[in-house]
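One structure is given below, encoded as structure tokens.
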Amino acid sequence: MIKKKIGNVKNGVQKLSSNRAESGTLSPFCFYEALGYPIPLHSSVFAYQQEMKEENGLEKSDFLSRGIEFSREKENLYHKEYLMFLKKWSWLYKQFPFVDVIYLANSMTFNALHADSDIDLFVVAQERRVWLARFFMTLMMRVYSIKRTRKITRKRFCLSFFIDRNNQNLEALLLHRRDIYLPYWIAYLVPIYLHAGALIYSQNLWIQNYLPNWSPQQHISLGIHPSEGRGLFRKIIEICFYGWIGDFFEYCIQKIWSLRIRYLIAKKPELHRGVLYTESILKFHNDKRNQYSELIFRRR
36 MIKKKIGNVK NGVQKLSSNR AESGTLSPFC FYEALGYPIP LHSSVFAYQQ EMKEENGLEK
96 SDFLSRGIEF SREKENLYHK EYLMFLKKWS WLYKQFPFVD VIYLANSMTF NALHADSDID
156 LFVVAQERRV WLARFFMTLM MRVYSIKRTR KITRKRFCLS FFIDRNNQNL EALLLHRRDI
216 YLPYWIAYLV PIYLHAGALI YSQNLWIQNY LPNWSPQQHI SLGIHPSEGR GLFRKIIEIC
276 FYGWIGDFFE YCIQKIWSLR IRYLIAKKPE LHRGVLYTES ILKFHNDKRN QYSELIFRRR
């Protein structure tokens, strides 16, 4: 459940937020306040449409970004446990065929884990291999019982968002001008596997329209060194599915799963808002961004 209040934060942040509220504008940290996420400290990077200035005796240095060091008001109770799980399975990431980059997203990177949290992954796949990439990741994670299911979500991977390497600009996914969840979501991505460069930041410079102090680089550090390279299983599969053979299976998997997706959407449309499935993007999370926007802007 989304909490509407957060714990204590630095006095500077509290004063700055209250000043904004009194002036009739949104707090630069309205996103965190509305969703109940910990507010980032000692950083102006994540301030919403806010040019940090000296106010009420606050020095600008209080809000300066310090590389990818990200201060937290309070460490999440489950953070270390989940971090150990991610490191335990880091050897597997390089075995996934047709995968360029794997990012952590959502609750893990927002420092908002709860007892039954799953682990959301955002995956950049090779061109014309989005469906095959997800197919093999799903298959391999099921073998090791680390993929989330309807009954088990705790410390299980959720494969809800895939794009191909040529479609990393996500601006077209914005619902409207007040959709501030998407820019925050991208800004909080943390790579855990790198076979190609982490281009998601440089491909989404439009984020600066919402977070003017943000720069196109990784700003969140979870103490994870991304895995690299290609494992033996991956090499074998990519050879077997090279060229027209891979194209054929990509086409077949897309057609088969598209039928299932359409059936599920028709059966329970309220649980599949915002679902996308094309040759270059797979997005399966039930989209709650309109609800988040209403919650955030209601606080104005």
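Heads up, the sequence shown is in this note's numbering, so the first residue is 36 and it goes up one at a time.
Note that CB positions come from ideal geometry on N, CA and C, so glycine has one too.
* Would the beta-carbon of His254 fall within 8 Å of that of Val80? -> yes
Note to self: Please report the distance separating the alpha-carbon of His114 from that of Met143.
What the structure shows: 8 Å
*Helix, strand or coil at Ala140 according to DSSP, with G and I counted as helix*: DSSP places Ala140 within a strand segment (E or B) once states are collapsed to three.
| request: Check the C-beta distance from Val165 over to Leu317 and give it rounded, since I have them as a contact under 8 Å. | output: Indeed, because the Cβ distance is near 6 Å, the residues count as touching under 8 Å.
Margin query: Count Cβ pairs between the region 256 to 264 and the region 234 to 244 that sit closer than 8 Å; are there 3 or more?
Written below: The region 256 to 264 makes no contact with the region 234 to 244: fewer than 3 CB pairs, one atom from each, lie closer than 8 Å.
Compute the Euclidean distance between the alpha carbons of Pro251 and Thr188, then round it to the nearest angstrom. 32 Å
Q.
Here's the rule: buried if 16 or more other CB atoms are within 10 angstroms of the residue's CB, otherwise exposed. What is Pro304?
A. exposed
So is Lys323 buried or exposed if we call it buried at 16+ other beta carbons inside 10 Å? exposed
Checklist entry - Looking at C-alpha atoms only, which residue of Ile331, Ala160, Arg191, Leu234 is the closest neighbour of Ala150? => result Arg191
When you compare only the Cα positions, how much space is there between His211 and Phe145?
Their backbone Cα atoms lie some 23 Å apart in a straight line.
Q | contact_flag[the region 208 to 225, the region 118 to 134] where n(CB pairs < 8 Å) is 3 or more | A | no
Query - Candidates Trp220, Leu209, Phe131, of which the one nearest Arg269 by Cα - result: Shortest Cα-Cα distance from Arg269 to any of Trp220, Leu209, Phe131 involves Phe131.
If we count the other Cβ atoms within 10 Å of its Cβ and call it buried at 16 or more, is Leu174 buried or exposed?
Around the beta carbon of Leu174, fewer than 16 other beta carbons sit within 10 angstroms, so the residue counts as exposed.
In three-state terms, what does DSSP make of Ala147? coil
* To do: Would you please state the rounded distance, in angstroms, between the beta carbons of Phe196 and Phe157? I believe it to be under 8 Å.
  => 5 Å
*Please report how far the alpha carbon of Met176 lies from the alpha carbon of Thr184, in whole angstroms.*
So the two alpha carbons sit approximately 11 Å from each other.
Do you know whose CA, among Met119, Leu70, Ala168, Asn141, lies nearest Glu273's CA? Ala168
Please classify Ser262 as buried or exposed, where buried requires at least 16 neighbouring CB atoms within 10 angstroms. buried
Exercise. Trp279: buried (16+ other C-beta within 10 angstroms of its C-beta) or exposed?
Worked result: exposed
- Task: To the nearest angstrom, report how far apart Leu294 and Thr313 are at their CA atoms.
- Result: So the alpha carbons of these two residues sit roughly 12 Å apart.
State buried or exposed for Tyr277, treating a residue as buried only when at least 16 other CB atoms are found within 10 Å of its CB. Sixteen is the threshold: since fewer than 16 other Cβ atoms of the shown chains lie within 10 Å of the Cβ of Tyr277, the residue is exposed.
inquiry  = The alpha helix (DSSP H) that contains Leu127, what's its start and end?
reply    = 125 to 128
query: Leaving out the 5 sequence neighbours to the left and right, which residues in its chain are closer than 6 Å to Leu267 when beta-carbon positions are compared?
result: none
I need the DSSP call for Asp155, collapsed to helix, strand or coil.
Reduced to three states, the DSSP call for Asp155 is strand.
ask   = Span of the beta strand (DSSP E) holding Phe131?
value = From DSSP, Phe131 is part of no beta strand (DSSP E); its letter is neither H nor E.
**Residue range of the unbroken beta strand (DSSP E) whose run includes Tyr228** = Its beta strand (DSSP E) spans residues 225 to 229.
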